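Protein sequence lines, in the order shown, are assigned to chains A and B.
Position in the first sequence (first residue = 1) + 287 = the working numbering.
Position in the second sequence (first residue = 1) + 287 = the working numbering.
Everything below concerns the one structure shown next.
2 protein chains.
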Amino acid sequence: MLERSIQQFIERYLSVSFLVHKRGAALMKCELDDITHDQYYVLRYIHKRGVCTSTELADVFAVNKSAITAMTNRLVEKGMIARGKDEDDRRVIALSLTEKGRKWLEETEQNVYELVETIMTKLSHEEIEQFIQTYEKLAMILQEMEENK
Amino acid sequence: MLERSIQQFIERYLSVSFLVHKRGAALMKCELDDITHDQYYVLRYIHKRGVCTSTELADVFAVNKSAITAMTNRLVEKGMIARGKDEDDRRVIALSLTEKGRKWLEETEQNVYELVETIMTKLSHEEIEQFIQTYEKLAMILQEMEENK
DNA sequence: CAAAATAGTTCAATTGTTTAACTATTTAAT
DNA sequence: ATTAAATAGTTAAACAATTGAACTATTTTG
């Protein structure tokens, strides 16, 4: 039997997390013109890593590799990313941003940052720091859970 | 120009929030057999409200009404919800859980709660409480932003 | 070297979504 | 009281994200 307070935490968490994700996505969509919310995060991730593979993206975003193939196809069609060869392993496709993709991302990050900023500045620095720290702990816990499965 | 610390917060928040949502959804999917992640949250919401309308769901989840029509069609086909009439306004469709839907949700909540619990109990009560409070503030801020648009 | 593992793609199917056009009903304005 | 505007919901066409199974090509391993 679950402890009562934990049960209430879970209830509140489930209610609020889905809402914030949905509403946040709806707001961000306004800044992304042609690119979808999901595609934006893939571009962000590739940019942060410089170069990455389908398998890595599939692991990070917890989806099948075929979902990544479909996504990257769309991003290649839009001219945002390019597929390259890996010297060491000819099975591997190296994904990276094109010049167009890099420019688009830099411009868009500006607008996204401004959007997130108008929200964040309604909280104190301490509160934001604490919130993000806990969020990062959750991310690590989830990652460990998947690895031990 | 953005303050440097705020910019780092935004960077960390964007990175972590998408990941936690994706990985959380992937984990929850295991508990939901035939029902999708999105459908689960719709069922939860209807259950919490007792009865609700398409328009309300569209507002809450920040999607178009036609998306709700499609979703509710699938949930009706699966026997989880029913469409009823509204006495006062014959345009309105009253959505509610069927007996099957109510039972399924109660059983499933048990499993979902256990899943979330194994994650949450790795944090202290104080940390969880603070995290959820901030999350709820964010939800309110997002709601206000949409209302003033 | 043969078998097993890995990286990625293809294809068919399902789900969630948007937009525009539509029906039915209610509210409001003159 | 009647008409015009607003509201609730549906339909249809299109696209994006996803899964799962079957597949090719390459590398690793026993």
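All residues carry an ideal CB built from backbone N, CA and C; glycine is no exception.
Since this is a predicted model, take the numbers as computed values, not measurements.
Counting the other CB atoms within 10 Å of its CB gives A/E396 a total of 16 or more, which places it among the buried residues. In the assembly as shown, B/M358 is a buried residue. Its beta-carbon has 16 or more other beta-carbons within 10 Å. Comparing alpha-carbon positions, the option among A/I297, A/N351, A/C339 lying closest to A/D373 turns out to be A/C339. When the beta-carbon positions are compared, B/F418 and A/F305 stay at least 8 Å from each other.
Chain order gives the chain A residues near B/I419 as F296, R299, Y300, V303, where near means a beta carbon separation below 8 Å. The beta carbons of B/L402 and B/L314 sit about 6 Å from each other, so the pair counts as a contact at 8 Å. Listed in chain order, the non-local C-beta contacts of A/I415 below 7 Å within the same chain comprise M407, local neighbours out to five positions each way being set aside. Taking C-beta atoms under 8 Å as the contact rule, B/L384 and B/H334 qualify, at a distance of about 6 Å.
At the C-beta level, A/L301 and B/R331 come within 8 Å of one another. In the displayed model, B/R377 falls within coil according to three-state DSSP, outside both helix and strand. Taking the beta carbon of A/R331 as reference, the chain B residues within 9 Å of it are L301, S302, F305, listed in sequence order.
Between the alpha carbons of A/R361 and A/I293 lies a gap of roughly 43 Å. Close to A/V403, with beta-carbon spacing below 8 Å, are these residues of chain B in chain order: I297, Y300, L301. Interface with chain A (8 Å Cβ-Cβ cutoff): B/M432 is included. Residue-level contact check: B/S353 does not touch chain A, since none of the beta carbons of chain A fall below 8 Å from its beta carbon. Take A/L344, set aside five residues on each side of it, and the residues of its chain with a beta-carbon closer than 6 Å to its own are I355, in chain order. Under a criterion of Cβ atoms nearer than 7 Å, no residue of chain A is adjacent to B/S411; the nearest Cβ is some 10 Å distant. B/I380 is positioned such that its CB atom lies closer than 8 Å to that of B/S341.
Of the other Cβ atoms in all chains shown, fewer than 16 fall within 10 Å of the Cβ of B/R370; this residue is therefore exposed. In chain order, L330, H334 place their CB closer than 6 Å to the CB of A/L392, counting only its own chain and leaving out the 5 sequence neighbours on each side. In the DSSP annotation of this structure, the continuous segment of the beta strand (DSSP E) that includes B/A369 starts and ends at 368-372.
With a threshold of 8 Å between beta carbons, A/L314 makes contact with chain B. If the five residues before and after B/V347 are omitted, its C-beta is found closer than 7 Å to the C-beta atoms of Y332, all from its own chain and listed in chain order. The C-alpha of B/K390 is placed about 32 Å away from the C-alpha of A/E434. Boundaries of the alpha helix (DSSP H) harbouring A/G311: 291-316, taken from the DSSP string.
Within chain A, the residues placing a beta-carbon under 8 Å from that of B/G311 are S304, L429, ordered along the chain.
In this structure, B/E413 keeps its C-beta atom at 8 Å or more from the C-beta atom of A/V303. Residue pairing by DSSP puts B/S383 in a beta bridge opposite B/A369.
Chain A has no Cβ within less than 8 Å of the Cβ of B/L362.
A/L319 places its beta carbon 8 Å or farther from that of B/R310.
Non-local beta-carbon contacts of B/N398 in its own chain, meaning distances under 8 Å to residues more than five positions away in sequence, involve E318 in chain order.
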